[in-house]
Amino acid sequence: MSVMKPKVLRSGLCALFLLAGCGKEAEQARQRAEKELETVRAELEATRTERTNLQNETARLRKDNEDLLRLRNEVRQLRDAQKQLTQQVQTAKSEVQRVQAQAQAAQAQAAQAQAAQAQAAQAAQAQALALGTNVVQALTPEQQAFARRYGLTPPTPEQQLNACLNNLRQIDGAKQQWALENRKTAETIPGAQDVRAYFQDGAVPKCPGGGTYTLNAVGAHPACSIPGHALPP
């Protein structure tokens, strides 16, 4: 059996220690590489997570922007509808005012026509009364009897009452129309000059029985001086 020389033995031991040192450094390098790899992986995962979050945030912002645009469009539509509705309301108000003005004008014309008709009837009645009275007075007794037989006599008291009541109604209508057009209260008392315009030829009717008319306040009936010639309350 050969015996190794001390010098050779020392060289072998150095080689073993060197190999052992190199293996340790290699392990340390491997461990560092693994740590760096884990760090890179973690950074990569964090980057992916951040990218996903960024995509989600971008999608949310895009949706919010779409909602904002939709809301703005709805607000614009509502404003347009409100503007159109305001124009329609103004048009309706103008139409109502026009119709009211036409109604007031028609009412005034109707009142004037009614007053003119009443005045014409009163004048015709008075003329007929005067004509009948004059004719009868000019007849002989036999002719007067003939006239009474065929209804040619002057108006009876009942006929005069009816004619007077008709005049009082016309005067009361003229008073009401005057009060309406001039915004008078029920306590206002008109004069003959106030209601003349509502009768034909500007003349207030007269009682066929010779009575005197009193206009009274707007809220009260006109009156005749003859007892019994009065409108019902």
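Residues in the sequence shown are numbered from 3 upward in steps of one, following my numbering.
Beta carbons are placed, not taken as given, at the ideal position from N, Cα and C, and that holds for glycine.
Let me make sure I understand the geometry here. Which of the options has the alpha-carbon closest to that of residue i?
i	options	result
G175	E160, R198, Q161, N75	R198
G230	A219, Y215, V220	Y215
P235	D196, P210, L167	L167
CA-CA distance, residue i and residue j?
i	j	result
N136	A107	Below a pLDDT of 50, predicted positions are generally treated as unreliable, and N136, at 43, falls in that range; the measurement from the model is reported next regardless. Rounded to the nearest angstrom, the two C-alpha atoms are 43 Å apart.
V138	L163	Its pLDDT being 45, under 50, V138 is placed unreliably by the model, and the measurement read from it follows with that caveat. Taking the straight line from one Cα to the other gives about 21 Å.
K65	E76	16 Å
A110	L71	58 Å
L133	A94	The predicted model places L133 with a pLDDT of 45, which falls under 50 and marks its position as unreliable, so this point remains unresolved.
P159	G211	8 Å
Q84	A205	56 Å
K56	V42	As written in the sequence, residue 56 is Leu, which differs from the Lys given in the question. Cα-Cα distance, rounded: 20 Å.
V91	A165	51 Å
N67	T60	10 Å
A140	C209	With a pLDDT of 47 at A140, under the threshold of 50, the predicted position of this residue should be treated as unreliable, and no value is reported.
Q99	Q86	20 Å
G193	Y200	13 Å
D82	S96	21 Å
T54	L46	12 Å
A28	R50	32 Å
D196	R185	13 Å
R78	A48	44 Å
K38	Q30	Reading off the sequence shown, one finds Glu at residue 38, where the question assumed Lys. In a straight line, the C-alpha of E38 is about 12 Å away from that of Q30.
Q89	Q104	22 Å
H223	Q202	21 Å
K177	V101	25 Å
R62	E52	15 Å
E40	K26	21 Å
I228	A181	26 Å
A44	D69	37 Å
E36	R74	56 Å
A232	P157	18 Å
Tell me, to the nearest whole angstrom, how far the beta carbon of residue i is from that of residue j; I am working on the premise that it is less than 8 Å.
i	j	result
Q179	A113	4 Å
G221	E189	7 Å
N218	I191	7 Å
Q161	P207	Not a contact, Cβ separation roughly 15 Å.
Between which two residues does the alpha helix (DSSP H) holding residue i run?
i	result
N218	It is not in any alpha helix (DSSP H) - N218 carries neither H nor E in the DSSP assignment.
D196	194-197
E160	159-184
May I have a chain-ordered list of the alpha helix (DSSP H) segments no shorter than 4 residues that lie completely inside the segment 27-90?
none
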